[in-house]
Amino acid sequence: MPARWKNDKPMSRSAFDARFSDEEACSHYLAEHRWPEGFVCPSCGTCKGWPLKRNRATWECAGCARQTSVTAGTVMHSSHLPLRIWFLAAHIITSHSNGMSALQLQAQLGLGSYKTAWLLLQKLRRSMVNPDRNPLKDLVEIDETEIPFRSRHDPEDRPKGGRSPVGKMFVVCAVELSRDGHPRRIRMKHIPDGASKTLHGFIGQAVEPGAHVITDGWLGYENPPANTHEAKVVSGKKAHDILHWVHRVFSNLKTWAKGVFHGLRKCHLQRYLDEFVFRWNRRRHMRSAFDTLLGIGVGIGPATYRDFVEQRA
Ligand SMILES: [Zn+2]
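Under UniProt numbering, the letters of the sequence shown match residues 1 to 313, in that order.
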C-alpha cells in the first residue's frame with residue numbers, strides 16, 4: 001500500500017459496490033450528509049419529511065409539501081445520469097492515484113458514449129478547485145518551467161529526430177513548506193510568460209501576504225508586493241538542488257502528464273494542472289476527496305441557509 005494512503009485508505013471496489021449498490025443507497029448517503037441530524041425543510045424549517053416513493057433522491061416536507069432534492073448544490077444536480085454512475089466515477093478517480101483519461105473512464109463505467117464520459121470527467125475536474133481555498137503560508141518555494149504540448153492533430157508518438165512540431169507552455173508552481181522543510185500544499189498556473197507582472201500576479205493569488213518566498217535568481221520574482229523574498233543563487237549549484245521541492249513537483253507533473261494523457265494539450269492545460277494540484281494536496285485524504293469531487297458537504301449549512309434565503313427573496 002502506498003505510504004500516502006496510510007491515514008485515509010480509499011475504499012476497495014468490492015466495499016464500494018456493497019455500500020453503493022443502487023440509487024437508493026446513493027440517495028441515502030446524500031441525505032445523511034445534507035441532514036446529519038435528520039431532515040430539515042429548507043423552506044419552512046419543519047423537521048419532518050420523507051423521500052418520494054418514485055424518486056428516493058427527492059424529499060417532501062410534511063409541513064409545507066415543498067420538495068427538496070438531495071443533489072441540490074452538488075455536481076450531480078439536474079443530471080440525467082444515474083447517481084451510481086457519478087459515485088462510481090468519483091470513486092474510480094479518487095482511488096486511482098494517477099487518475100485517468102476520459103477513454104479509460106468510459107471503459108471502466110461501461111458508458112456507451114465517449115462524450116458522456118468526457119463531460120462527466122470535466123464536471124468532476126471543475127470540483128477540484130475550491131474557490132475559497134486558503135493561500136499558501138510560511139515558506140513558499142516558487143519556480144516556473146516549460147512543458148511541451150501537442151496539438152490536436154499531433155500523433156501521440158512521433159519518431160525521434162527531425163523537426164519537432166511540439167510547442168512549449170509555461171507553468172509556474174508554488175510549494176508551501178513547513179518551518180522544518182516538509183512540503184504541504186501546492187498551487188500551479190499556466191502563464192503566458194515569465195514577466196514580473198505575471199509572476200507577481202501569481203504570488204498575489206497563491207501566497208498569503210507576509211509569507212516568505214524562495215526563488216532562484218530570476219529577476220521577474222524580485223520585490224513581490226506583499227512578501228519577504230529570498231533569491232537563492234548559489235554558484236556551481238543547479239536550480240533543482242536549491243529549490244528541491246518545486247523541482248520534484250515539476251518532475252512528477254511531467255511523468256504524470258506523459259503516463260496518463262500521453263502529453264498535454266494546450267487548450268485544457270489549466271484543468272489538468274488543477275487535477276494534478278488536487279491530487280497532490282489530497283494525497284493523504286483521498287476518502288474526503290470523493291465527497292469534494294461530487295460537491296457533497298460543500299452545501300451543508302450555508303447552502304441550506306442560502307436555499308432558504310433565496311426562497312424568500
Ligand atoms: Zn417545509
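Think of the CB as a built atom: it goes at the ideal place given N, C-alpha and C, for glycine as much as any other residue.
Q: Could you give the DSSP three-state label for D291: helix, strand or coil?
A: helix
Q) Grouping DSSP H, G and I as helix and E and B as strand, with all else coil, what is D180? A) coil
Q.
Taking the alpha-carbon of A25 as reference, which of P42, P36, R56 has the nearest alpha-carbon?
A. It is R56.
**Q.** Residues near L52 in its chain [Cβ-Cβ closer than 7 Å; skip 5 each side]
**A.** Answer for L52: T58, E60, listed in chain order.
Q) Straight-line CA distance for S12 to T215? A) 41 Å
Q.
Once DSSP output is grouped into helix, strand and coil, what is the label at F261?
A. Looking at F261 - three-state DSSP - the assignment turns out to be helix.
Q: For S12, name the three-state secondary structure that DSSP assigns.
A: Assignment of S12 by DSSP, reduced to helix, strand and coil, places it in the coil class.
Q) Which runs of the beta strand (DSSP E), 3 residues or longer, sit entirely within the segment 49 to 93? A) 49 to 51, 58 to 61, 67 to 69
Q: Would you decide whether S78 is buried or exposed? Buried here means 16 or more other CB atoms lie within 10 Å of its CB.
A: exposed
Q: Check each residue's C-beta against every heavy atom of ligand 1 and list, in chain order, those closer than 6 Å.
A: C41, S43, C44, T46, C61, G63, C64, R66
Q | First through last residue of the beta strand (DSSP E) which encompasses V213 | A | Where V213 is concerned, the enclosing beta strand (DSSP E) stretches over 212 to 215.
Q | Buried/exposed call for E37, threshold 16 Cβ in 10 Å | A | exposed
Q: In angstroms with no decimal places, state the Cα-to-Cα distance between N252 and L111.
A: Their Cα atoms are separated by approximately 30 Å.
Q | Through-space distance from L121 to K254, alpha-carbon basis | A | 21 Å
Q) Secondary structure at G162, three-state DSSP: helix, strand or coil? A) Note that G162 scores 39 on pLDDT, short of 50, meaning its location in the model is unreliable; the coordinates nonetheless yield the value given after this. In this structure, G162 counts as coil in the three-state DSSP scheme.
**Q.** Proximity to R248 [Cα-Cα], best of W280, V213, R271
**A.** W280
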